[in-house]
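**Student:** Have a look at this one.
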Amino acid sequence: MQEFEAGGMGDDPWARGRDEAGTLDDWRDRGLNVTAGDLGFPALVLKRREVLHNIAAMAKYCTAQGVSLSPHGKTSMMPWLFRRQLEAGAWAMTAATPAHCRTYRRFGIPRILLANVLVDKDAIAWVAAELDRDPDFGFLCYADSVEAVHLMERVLAEVKPRRPVEVLVEIGYRGGRTGCRSLDDALAVGSAVNEARFLRLTGVSGFEGFLSGDASVDVTDQCRSYLGEVADAVRALRAKDLFESAETIVSAGGSAYFDTVVEVLGPDRFDFPVRTVLRSGCYVAHDEEMYGPTSPLAGRSDRAPEDRLAPALELWATVWSRPEPGLVIAGFGRRDAPYDFRLPQVKSVHSAAGPPRDVTGRFQVTALNDQHAYVRVPEDDSVAVGDQLVCGISHPCGAFDRWRWIPLVDDRYDVLEGLGTYF
Numbered sequence: 016m017q018e019f020e021a022g023g024m025g026d027d028p029w030a031r032g033r034d035e036a037g038t039l040d041d042w043r044d045r046g047l048n049v050t051a052g053d054l055g056f057p058a059l060v061l062k063r064r065e066v067l068h069n070i071a072a073m074a075k076y077c078t079a080q081g082v083s084l085s086p087h088g089k090t091s092m093m094p095w096l097f098r099r100q101l102e103a104g105a106w107a108m109t110a111a112t113p114a115h116c117r118t119y120r121r122f123g124i125p126r127i128l129l130a131n132v133l134v135d136k137d138a139i140a141w142v143a144a145e146l147d148r149d150p151d152f153g154f155l156c157y158a159d160s161v162e163a164v165h166l167m168e169r170v171l172a173e174v175k176p177r178r179p180v181e182v183l184v185e186i187g188y189r190g191g192r193t194g195c196r197s198l199d200d201a202l203a204v205g206s207a208v209n210e211a212r213f214l215r216l217t218g219v220s221g222f223e224g225f226l227s228g229d230a231s232v233d234v235t236d237q238c239r240s241y242l243g244e245v246a247d248a249v250r251a252l253r254a255k256d257l258f259e260s261a262e263t264i265v266s267a268g269g270s271a272y273f274d275t276v277v278e279v280l281g282p283d284r285f286d287f288p289v290r291t292v293l294r295s296g297c298y299v300a301h302d303e304e305m306y307g308p309t310s311p312l313a314g315r316s317d318r319a320p321e322d323r324l325a326p327a328l329e330l331w332a333t334v335w336s337r338p339e340p341g342l343v344i345a346g347f348g349r350r351d352a353p354y355d356f357r358l359p360q361v362k363s364v365h366s367a368a369g370p371p372r373d374v375t376g377r378f379q380v381t382a383l384n385d386q387h388a389y390v391r392v393p394e395d396d397s398v399a400v401g402d403q404l405v406c407g408i409s410h411p412c413g414a415f416d417r418w419r420w421i422p423l424v425d426d427r428y429d430v431l432e433g434l435g436t437y438f
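Residue numbers (the numbering used here): 16 to 438.
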């Protein structure tokens, strides 16, 4: 079978090579424009002004609160964004899996917080080798059981790294994911790390993002209560003199309730040196419906516009059919857009017949197939076959991972470059 080669794809901008920074090198300076249809549809675009604004707004917030930021890179897996986040002052990049860590290191990320337990033998050995290979590399991971601590120590004893692996005791909650379920468990894990030769107890971590309230308990109150247990664990481990670093790392924070993390776990809440590290990820692209209403820098905020997050992703698609007066079938589906929280929201219509029209709240995406979207529209609306729908998305984590390349655009939708994702 003949192999496909980029060189045999003519002028197709999607078929070119990439440079080591994770950008599609020859999208630059080609005069491509999304509104002109130069990329074809559907297309997910990243708006440069908005995404850089979000990075700056979050950095400003963290500086003002006296906390550090380790953005969760799993949201985008986009090295171009990693670089901008680090340039804006991020203390580290957060990863979810050892595979993410390997990818981060390919692109030179100097410090990684693996927000997960490390129990795969090959991954433990790789971390040890990477610490030996690069004396400037920083790495932290979680432990939530004595068994996990002993497993790490056994593997590390075989390879004998020159530097210990830094460990955070993870605090969980009943019905949640990983994490110690009691203070006694946390103390046992902390003691096991402290006693290990090739591990160093550096701090405590948690994640409040999946807590959900009911009619009688507010979500913020649930977060505050849970984070109070994280704080209790920090103080109890400190009282036992188990931490082995000059400053204690205390880490939590998704993209919805990081203000509560600062309130409960901020450095001023402890009487010993603490570095509070937020791990928010989705803030970088923000969205219309999941974090739009819940972020402390958006829906739950009365901040000035320059301090509020802005949606930076848009999905563009063509109207394929209008088979019924109140129904449009558009050319995007589950392969192109996130649908785990809510379906995309149509914001505007671009048509050759006139200027763009704002249709927010008038068009409703009601269902998705793999490549088809069902959009309910007013029967008397002029939207026509061949028009383009511009949609906002919910949950950026489910948007980036559907696209190998994403065009970075300016306010005129001129394509500045193509950005690679590495899931």
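Yeah, the Cβ is synthetic: ideal placement off N, Cα and C, and Gly gets one too.
So V184 and C156 are in contact, right, with Cβ under 8 Å, and what is the actual spacing, rounded?
**Tutor:** In fact, because the Cβ distance is near 11 Å, the residues do not count as touching under 8 Å.
**Student:** Counting only runs that start and end within the segment 261-288, where is the alpha helix (DSSP H) found for 4 or more residues in a row?
**Tutor:** Counting only runs of 4 or more residues that sit fully inside the segment 261-288, the alpha helix (DSSP H) segments are 273-280, in chain order.
**Student:** Is the CB-CB distance between A248 and L216 below 8 Å?
**Tutor:** no
**Student:** Where D355 and I408 are concerned, what is the direct C-alpha to C-alpha distance, given to the nearest angstrom?
**Tutor:** Their backbone Cα atoms lie some 11 Å apart in a straight line.
**Student:** Skipping 5 residues on each side, what residues in its chain have a beta carbon closer than 7 Å to that of L226?
**Tutor:** V234, Q237, C238 and Y241
**Student:** Exposed or buried, which one is A319 when buried takes at least 16 other CB atoms within 10 Å?
**Tutor:** exposed
**Student:** Based on Cα-Cα distance, which residue from S266, K89 and P340 lies nearest to E394?
**Tutor:** P340
**Student:** I need the boundaries of the beta strand (DSSP E) containing F415, first residue and last residue.
**Tutor:** Taken as a continuous stretch (DSSP letters only), F415 belongs to no beta strand (DSSP E), being part of the alpha helix (DSSP H) at C412 to F415.
**Student:** Please specify which runs of the beta strand (DSSP E), each continuous and at least 3 residues long, are wholly inside the segment 40-78, giving them in chain order.
**Tutor:** With a minimum length of 3 residues, the continuous beta strand (DSSP E) runs that stay inside the segment 40-78 are 58-62.
**Student:** How many Å lie between Y204 and G269 at the Cα?
**Tutor:** The sequence given here places Val at residue 204; Tyr does not occur at that position. Rounded to the nearest angstrom, the two C-alpha atoms are 24 Å apart.
**Student:** Could you please give the first and the last residue of the uninterrupted beta strand (DSSP E) stretch that includes A110?
**Tutor:** M108 to A110
**Student:** For K186 and A201, which I take to be in contact (beta-carbon distance under 8 Å), what is that distance rounded to the nearest angstrom?
**Tutor:** The amino acid at residue 186 is misidentified as Lys; the sequence shows Ile. Rounded, the Cβ-Cβ distance is 6 Å, consistent with contact.
**Student:** Check for me: the alpha helix (DSSP H) holding H115 runs from which residue to which?
**Tutor:** P113 to R121
**Student:** Rounded to a whole number of angstroms, what is the C-alpha to C-alpha distance between R45 and G55?
**Tutor:** 15 Å
**Student:** Identify, in the order they occur along the chain, each residue of the same chain with its Cβ nearer than 6 Å to the Cβ of V457, setting aside the five sequence neighbours on each side.
**Tutor:** No answer is possible for residue 457: the residues shown for the chain start at 16 and end at 438.
**Student:** In whole angstroms, give me the CA-to-CA distance for L431 and R98.
**Tutor:** 17 Å
**Student:** Sorted by chain position, which residues of the same chain lie with C-beta nearer than 6 Å to G221's C-beta, five sequence neighbours on each side aside?
**Tutor:** Leaving aside the five residues that flank G221 on each side, the residues in its chain whose CB is nearer than 6 Å to its CB run, in chain order, I186, V245 and A267.
**Student:** Does the separation of the CB atoms of V219 and L257 fall below 8 Å?
**Tutor:** no
**Student:** Would L133 and A110 qualify as a contact pair, given that the criterion is a beta-carbon distance under 8 Å?
**Tutor:** no
**Student:** Just to check my reading of the structure: L127 and M108 have Cβ atoms closer than 8 Å, yes? What is that Cβ distance to the nearest angstrom?
**Tutor:** It should be pointed out that residue 127 corresponds to Ile in this sequence rather than to Leu. Right, the Cβ-Cβ distance comes to about 6 Å (below 8 Å), so this counts as a contact.
**Student:** Near S3, which residues of its chain fall below 7 Å by C-beta distance, leaving aside the five closest residues on each side in sequence?
**Tutor:** Because the chain is modelled from 16 through 438, residue 3 falls outside the range shown and cannot be assessed.
**Student:** Taking only three categories from DSSP, how would you classify A230?
**Tutor:** Unreliable placement is indicated for A230, whose pLDDT of 46 sits below 50; the coordinate value is still reported in the next sentence. Three-state result, A230: coil.
**Student:** Pick out whichever of E168, T112, L171 and P176 has its Cα sitting closest to the Cα of D147.
**Tutor:** P176
**Student:** CB T291 to CB L280, shorter than 8 Å?
**Tutor:** yes
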